[in-house]
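If you read the sequences in order, they're chains W and V.
Residues in the first sequence are numbered from 10 upward in steps of one, following this note's numbering.
Residues in the second sequence are numbered from -15 upward in steps of one, following this note's numbering.
For glycine and all other residues, C-beta sits at the position ideal for the given N, C-alpha and C.
Read through the structure below, which is laid out as structure tokens, and then see the notes.
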Amino acid sequence: MSNVPAELKYTKSHEWVSVDGDVATVGITDHAQDLLGDMVFIEVPDVGANFNKGDDCAVVESVKAASDVYSPVSGEIVEVNDDLADAPESVNSDPYQSWLFKIKLSDASELDEMLDANAYSGVAADDSH
Amino acid sequence: MGKQTPLYDKHVVMGAKMVDFGGWDMPLRYGSQIEEHHQVRTDAGMFDVSHMSVVDFTGPDTREFLRKIFANNVDRLTTPGKALYTCMLKEDGYVIDDLIVYYMDENWFRVVFNASTHDKDLAWVQEHAKPFSMEIIEPPNMAMIAVQGPNARTKASAVFDEPIRSEITALAPFTAAYFGDLFISRTGYTGEDGFEIILPASQVNDVWRALYGEGVQPIGLGARDSLRLEAGMNLYGSDMDETTSPLESGLGWTVAWDPEGRDFIGRAALEKIRSAGTHKKLVGLILEEKGVLRNHQKVIVNGLDDGEITSGGFSPTLGKSIAFARVPKDVGGSCKVEIRGKQVLATVVKLPFARNGKPV
């Protein structure tokens, strides 16, 4: 069973979100990294770029395939994790510390539509079978 | 659910992620694919390749038949156990499959075909065998394990007692022999030394367990693909198929033009292709920027985007992305590859990318 921390919020497309004030920190879940396999390249968005909820805004490339990462909320990118350029494998070893980007929320009510840990565990379990 | 090899339960118990490959449920990886790759480059790993098709051709006309249906010439095989790599072509010179043929004796040649091409291969050889005094037999309940890596021969032979241990260790490259029920060849698909072992399904779990006991780690199809890519070895269905000839697939060296009188299937068409001049060739690419080369990405040479990546991925040995690409023949030392709408720089190199565990 993959690790699904209770304090985070989730999307059906396997992003996790941690909210601090009006900034959301975003990464991909343990289940997602396990499905994709060893990460070899991660492309993060540009700081200052604006995205709508559901836009593809980053790419994670594993030995298996390239996968889009979707913005879980609308807003402006305020910070990206440059450490991933030299250490993409940290997404495999520590997916909940290896955030991809931080986005300033333009509509905090979008957070209400996200999944809690319990609901996401159900999504992850369905998709494993 | 797909077909299962006799080692299926072992893969599941060992925690493998199973995937469909040519209608078979096969292990993609047991843990980290990159670690599995390094395991083979630096020590020894084993692959379940029981999905491959073992077919025996027997009878007085066997050599004559194989001279006709293979582009390489089985007359190069005169020593029992010796192996030959060849393509099997259609009349139009395009590739039905690539395979290894072993000379057993004058009335018996053994062929190992790919898994995904099994049905069409068998239909093709049966159709063309009709005028020949020869039988085509698929030995039932067979399994196959590949053991590969710099320590593969030492660790694999340790599974056996003397005198077989010494005999296996003494097998020459690209040669095979029977040891009891086990047909062992010094061949592989990784660019490393090692063996491929064809054996009865009833014995494969014991041999797998014994190899594991010697420290030979299980390796999935994911690492098998990155290993063969680094070694510059083609994959049927990606790098060549029924729309490409060996001449534009880096396999011209496998076509035996001499003697001129050998009228193998596809020869006439291939001679026309050769005299007209091929426009494309298969080359190696190393990506010089961030990203990963993937199958079917467009390759831009001299401003034209009519090149294509046939096999791409990440090379653990080089720490960079590498690929095979079919490109215009006049390609220079570099080209561009289109990745998600952006053009990135790649260097054109000769194959292989790696040999004996090291970048070339």
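Contact under 8 Å by Cβ, Asn98(V) with Thr238(V): No, Cβ-Cβ distance for Asn98(V) and Thr238(V) is not below 8 Å.
Length of the line joining the Cα atoms of Asp209(V) and Val95(V): CA-to-CA, the gap between Asp209(V) and Val95(V) works out to about 22 Å.
Neighbour flag for Lys326(V) against chain W, beta carbons, 8 Å: no
Any chain W beta carbon closer than 8 Å to Gln281(V): no
Three-state secondary structure assigned by DSSP to Leu109(W): coil
Where the alpha helix (DSSP H) containing Ser82(W) begins and where it ends: Sequence check: residue 82(W) is Val here, not Ser. No alpha helix (DSSP H) holds Val82(W); DSSP gives it neither H nor E.
Complete runs of the beta strand (DSSP E) confined to the stretch 12 to 90 of chain V [at least 3 residues]: 29 to 32, 37 to 42, 67 to 73 and 79 to 89
Contacts of Asp47(W) in chain V (Cβ-Cβ under 7 Å): Ser16, Gln17 and Ile18
Segment contact flag, the stretch 232 to 251 of chain V with the stretch 92 to 111 of chain W, C-beta cutoff 8 Å, min 3 pairs: no
Cβ pair count under 8 Å reaching 3, the stretch 63 to 75 of chain V against the stretch 138 to 154 of chain V: no
Cβ contact check for the stretch 115 to 123 of chain V and the stretch 35 to 48 of chain V: 3 or more pairs under 8 Å: As far as the Cβ criterion goes, the stretch 115 to 123 of chain V touches the stretch 35 to 48 of chain V, which means the pair count is three or higher.
Amino acids of chain V, ordered along the chain, whose beta-carbon sits closer than 8 Å to that of Ala75(W): Those within 8 Å of Ala75(W) in chain V are Val276, Arg278 and Arg324.
Nearest residue (CA-CA) to Asp32(V), options Thr(-11)(V), Asn91(V) and Phe163(V): Thr(-11)(V)
Whole-angstrom C-beta distance between Ser229(V) and Asn279(V), which should lie under 8 Å: Not really, about 20 Å apart at Cβ, beyond 8 Å.
Candidates Thr101(V), Val143(V), Asp9(V) and Gly175(V): closest to Pro134(V) by CA position: Checking every option, the nearest Cα to that of Pro134(V) belongs to Gly175(V).
Distance between beta carbons of Glu198(V) and Val109(V), contact taken as under 8 Å: Contact flag wrong, Cβ pair sits at about 37 Å.
Three or more C-beta pairs below 8 Å linking the stretch 153 to 168 of chain V and the stretch 123 to 131 of chain W: no
Contact list for the stretch 160 to 187 of chain V against chain W, Cβ threshold 9 Å: none
Under 9 Å from the C-beta of Gly221(V): neighbouring residues of chain W: Ordered by position in chain W, no residue passes the 9 Å Cβ test against Gly221(V), which lies about 18 Å from the chain.
Residues that Gly206(V) contacts on chain W, provided the C-beta gap is smaller than 8 Å: Gly46, Val72 and Lys73
Contacts of Phe50(W) in chain V (Cβ-Cβ under 9 Å): Lys274, Gly275, Val276, Phe298 and Ser305
Spatial neighbours of Ala215(V) in its chain, beta-carbon cut-off 7 Å, leaving aside the 5 residues before and after: Thr174, Gly175, Pro336 and Ala338
Distance, Ala130(V) Cα to Leu364(V) Cα: The requested residue 364(V) is not part of the displayed model; chain V covers only -15 to 344.
Minimum C-alpha distance to Ala253(V) - residue among Tyr78(V), Ser16(V) and Met36(V): Tyr78(V)
Bounding residues of the alpha helix (DSSP H) (the contiguous stretch that carries Thr153(V)): Its alpha helix (DSSP H) spans residues Ile148 to Thr153.
Option in Phe163(V), Thr331(V) and Ser259(V) with minimal Cα separation from Ser141(V): Phe163(V)
Within 8 Å, strictly: CB atoms of Gln17(V) and Asp135(W): no
Beta bridge counterpart(s) of Arg339(V) as assigned by DSSP: Lys342(V)
Proximal chain W residues relative to Arg13(V), where beta-carbon distance stays under 7 Å: Within 7 Å Cβ-Cβ: Gly46.
Same chain only: Cβ atoms within 7 Å of His263(V), ignoring 5 sequence neighbours per side: Pro312 and Lys313
Assigned secondary structure, Gly297(V) (DSSP; H/G/I helix, E/B strand, else coil): strand
Interface flag, Ser141(V) vs chain W, CB-CB below 8 Å: No, its Cβ sits nowhere closer than 8 Å to a Cβ of chain W.
CB contact below 8 Å: Ser34(V) versus chain W: no
Limits of the alpha helix (DSSP H) - the one that Gln(-12)(V) falls within: Element bounds for Gln(-12)(V): n/a, residue is neither H nor E.
Whole-number beta carbon distance between Val321(V) and Leu277(V), since they are thought to touch under 8 Å: 6 Å
Three-state secondary structure assigned by DSSP to Ala142(V): Here Ala142(V) carries a coil assignment [DSSP, helix/strand/coil].
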